[in-house]
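S.K.: Quick one: this structure, given as structure tokens, is what I'll be asking you about.
Here you go:
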């Protein structure tokens, strides 16, 4: 729930007005304690700062007021992740990792994004690690949280997409739309994985991932880092680590 305030933190307009919110009963229906708030702020609104209020839901207890078992204790920790932007968190910004969901799984390959024209830096929207695991598969909370090193790799985005089913940004040079995002980067990394699998059909998933990690090109500090992982994926270098002879072919081009 958002309440607009001015630059000094003073309420603007009606202090009881809620301009966005979400109250899905997702813990009971999906088992995931995740809430998504979608809010659009018009350019000409004149308001750029908002308060966010998080409320401990008591909906079940309100429905059955005499049953105290229908409400759990308030959460001791919660994480909020922002999408799109530009957006600045003015209070309680812990600068922790923003990777969550399937990308944080131990067996998943988490992929960041970099513009192919400037491959030395990650995109501003590319999520960073590490991932903090607070519960095991049985729902038990260990004494010390498990930290997973994520992302694994970075792939390029911003490349041409002749497929008109995707919404892209027109390229000023060749006219083809460019597609940005970690979705585009993940597709490139998946393509490299497919090439490795083609070169070595019997390779295990673990060995395939290690080939891509060990051959990645450093982007930021030497070695692994929380923004770019092991670095930018390198198809030829990854296949070369397997000792597989490259496929050669004759090619003639007629103008």
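Residue numbers (the working numbering): 54 to 308. For every residue, glycine included, the Cβ atom is placed at its ideal position computed from N, Cα and C. Nothing here was measured: the structure is a model prediction, and the numbers come from that model.
If you count every other CB in all the chains shown that lies within 10 Å of the CB of residue 226, and 16 or more means buried, which is it?
M.R.: Stepping through the chain shown from its first residue, residue 226 is reached at position 173. Classification for residue 226: exposed.
S.K.: Give the single residue among 271, 158, 169 and 236 whose Cα lies nearest to the Cα of residue 183.
M.R.: The residue labelled residue 183 in the question sits at position 130 within the chain shown. Cα-wise, what sits closest to residue 183 is 158.
S.K.: By alpha-carbon positions, which one of 280, 304, 268 and 307 ends up nearest to residue 296?
M.R.: Working through the chain shown from its first residue, we reach residue 296 at position 243. Considering only alpha carbons, the answer is 268.
S.K.: Quick check: what's the CA-CA separation for residue 152 versus residue 213?
M.R.: Against the chain shown, residue 152 aligns to sequence position 99. Against the chain shown, residue 213 aligns to sequence position 160. Straight-line Cα distance between these residues: approximately 27 Å.
S.K.: What number of angstroms, rounded off, separates the C-alpha of residue 242 from the C-alpha of residue 204?
M.R.: Sequence index remark: in the chain shown, residue 242 carries index 189 (1-based). Sequence index remark: in the chain shown, residue 204 carries index 151 (1-based). Roughly 12 Å separates the two Cα atoms.
S.K.: Restricting to Cα atoms, I'd like to know which of 109, 141 and 135 is closest to residue 127.
M.R.: Taking the first residue of the chain shown as position 1, residue 127 is located at position 74. Out of 109, 141 and 135, 109 has the C-alpha closest to the C-alpha of residue 127.
S.K.: What residues match up with residue 254 in a beta bridge as DSSP calls it?
M.R.: To locate residue 254, count along the chain shown from 1; it is residue 201. Paired residue(s): none; residue 254 is not in a bridge.
S.K.: Who are the near neighbours of residue 293 in its chain, counting only those whose CB is closer than 6 Å to its CB and skipping five residues on each side?
M.R.: Here residue 293 is taken as the residue at index 240 of the chain shown, counted from 1. Within the same chain, residue 293 has no close Cβ partners at all.
S.K.: If you measure between the beta carbons of residue 250 and residue 261, is that distance less than 8 Å?
M.R.: Locating residue 250 in the chain shown gives position 197, counting from the first residue. Locating residue 261 in the chain shown gives position 208, counting from the first residue. Yes; because the gap between Cβ atoms is below 8 Å, this pair is in contact.
S.K.: Only counting the same chain, and skipping five residues up and downstream in sequence, which positions put a Cβ closer than 7 Å to that of residue 195?
M.R.: As a working note, residue 195 is residue 142 in the chain shown. If we look at residue 195 and ignore the five residues flanking it on each side, its Cβ neighbours are 189.
S.K.: To which residues of the same chain is residue 209 closer than 7 Å at the C-beta, ignoring the five residues directly before and after it?
M.R.: Counting from one through the chain shown, the residue named residue 209 turns up at place 156. Contacts found: 167, 169, 172, 238 and 241.
S.K.: What three-state label does DSSP hand residue 206 in the structure shown?
M.R.: Counted from its first residue, the chain shown places residue 206 at position 153. Residue 206 falls in the strand class under three-state DSSP.
S.K.: Give me the Cα-Cα distance between residue 177 and residue 200, rounded to the nearest whole angstrom.
M.R.: As a working mapping, residue 177 is identified with position 124 in the chain shown. As a working mapping, residue 200 is identified with position 147 in the chain shown. The straight-line gap from Cα to Cα measures roughly 23 Å.
S.K.: With DSSP as the reference, identify every bridge partner of residue 232, one or two as the case may be.
M.R.: By 1-based counting over the chain shown, the position of residue 232 is 179. Beta-bridge pairing links residue 232 to 212.
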